[in-house]
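Below you'll find the structure, written out as structure tokens, and then a few comments.
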Amino acid sequence: MNAGPGRAEEGSASHSLSQDIFSKLREDILTERLKPGEKLTEQRVCETYNVSRTPVREALKQLAAEGLLVTPPNRGAFVSGLSRGDMEDIFILREIYELQAVRWAIARITDGGLAELDEIWEFMEFYTKRRDTKKMTEINTNFHQLIYAASECRMLRHILSSYQIYIRYSRQTKPYSEAELPAIFAEHKRIFDAFHAADAEAGVRAMRAHIAGSRARALGDAARIQGP
65 MNAGPGRAEE GSASHSLSQD IFSKLREDIL TERLKPGEKL TEQRVCETYN
115 VSRTPVREAL KQLAAEGLLV TPPNRGAFVS GLSRGDMEDI FILREIYELQ
165 AVRWAIARIT DGGLAELDEI WEFMEFYTKR RDTKKMTEIN TNFHQLIYAA
215 SECRMLRHIL SSYQIYIRYS RQTKPYSEAE LPAIFAEHKR IFDAFHAADA
265 EAGVRAMRAH IAGSRARALG DAARIQGP
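Throughout the sequence shown, residue numbering follows the working numbering, covering 65 to 292 in sequence.
Dropping the structure here:
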């Protein structure tokens with residue numbers, strides 16, 4: 065027996081709401097507005113967002129599946145967040161996946177994709193000259209998202225988009241500074257040039273150097289930056 069349209073729409077709305085709550089709670093955990101060790105109950109979330117328990121329960125399950133909550137038996141849910149070690153692991157995994165993404169993207173990108181890359185690049189050049197760190201953070205995300213899309217691998221795109229969120233919002237990482245913008249621009253320029261040269265191996269070398277630079281900047285350490 066098929067569910068009526070009203071039931072289907074209700075289920076879709078509930079799923080959308082649970083995803084919205086999940087996204088908001090994830091950002092609060094990564095930025096430590098919700099502190100590690102803090103208890104998070106269904107009732108508390110329901111009252112905060114004025115919603116029923118069903119979407120909240122689904123959001124909490126998803127957070128637990130991603131390791132951002134721990135749920136000891138009969139004790140509720142507690143914020144675990146991400147440690148510096150977690151972030152270091154994310155950068156290692158990001159390199160593995162993103163090198164494959166750029167290799168496939170250079171081989172598979174369409175003329176329309178290249179035109180979109182050119183447009184993003186113009187914005188990157190403009191906001192680097194203006195030393196606008198906020199806009200550069202946004203444009204950097206767009207640059208990498210285009211690579212993920214051009215790879216034509218749905219699962220790879222999903223994994224790398226999640227890593228971008230963790231890196232962008234985690235309190236374990238630090239935001240761009242104006243002094244870092246020229247180096248960030250130069251790293252992306254080598255990736256950009258590899259796309260226009262249709263040189264996948266040059267793209268892999270440039271991406272490896274960029275991720276090493278990103279790790280050093282984000283974690284504030286002296287990680288070795290390899291040249292292309």
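A virtual CB, placed ideally from N, CA and C, is assigned to each residue, including glycine.
Check: I154 C-beta below 7 Å from any heavy atom of the ligand ATP: Within the structure as shown, the ligand ATP is missing, as the structure has no ligands at all.
Mind listing, in chain order, the continuous alpha helix (DSSP H) runs of no fewer than 4 residues lying wholly within the region 252-291? 264-283
What is the DSSP secondary structure of L133, counted as helix, strand or coil? strand
At 3 residues or longer, what runs of the beta strand (DSSP E) sit wholly inside the region 99-167? 141-143
Roughly how many angstroms separate the alpha carbons of G145 and R235, rounded to a whole number? 10 Å
For K99, the nearest candidate out of R121, T112 and L132 (CA to CA): L132
Helix, strand or coil for D196 per DSSP? coil
Residue interval of the alpha helix (DSSP H) (run including R221): R218 to Y233
Neighbour-count burial assignment, A270, 16 or more Cβ in a 10 Å radius: buried
Distance between A123 and N206 (C-alpha atoms, nearest Å): 26 Å
Contact set for E186: own chain, Cβ-Cβ below 7 Å, skip 5 residues either direction: none
Nearest-angstrom Cα separation, counted from A214 out to T174: 8 Å
Below 6 Å CB to CB, which residues in the same chain sit around R218 once its five sequence neighbours on both sides are set aside? none
Pair within 8 Å by beta-carbon distance, F142 and E102: yes
Answer yes or no: do L192 and F256 have a C-beta to C-beta separation smaller than 8 Å? Residue identity check: residue 192 is Thr in the sequence provided, not Leu. No, Cβ-Cβ distance for T192 and F256 is not below 8 Å.
Length of the line joining the Cα atoms of G177 and L210: 8 Å
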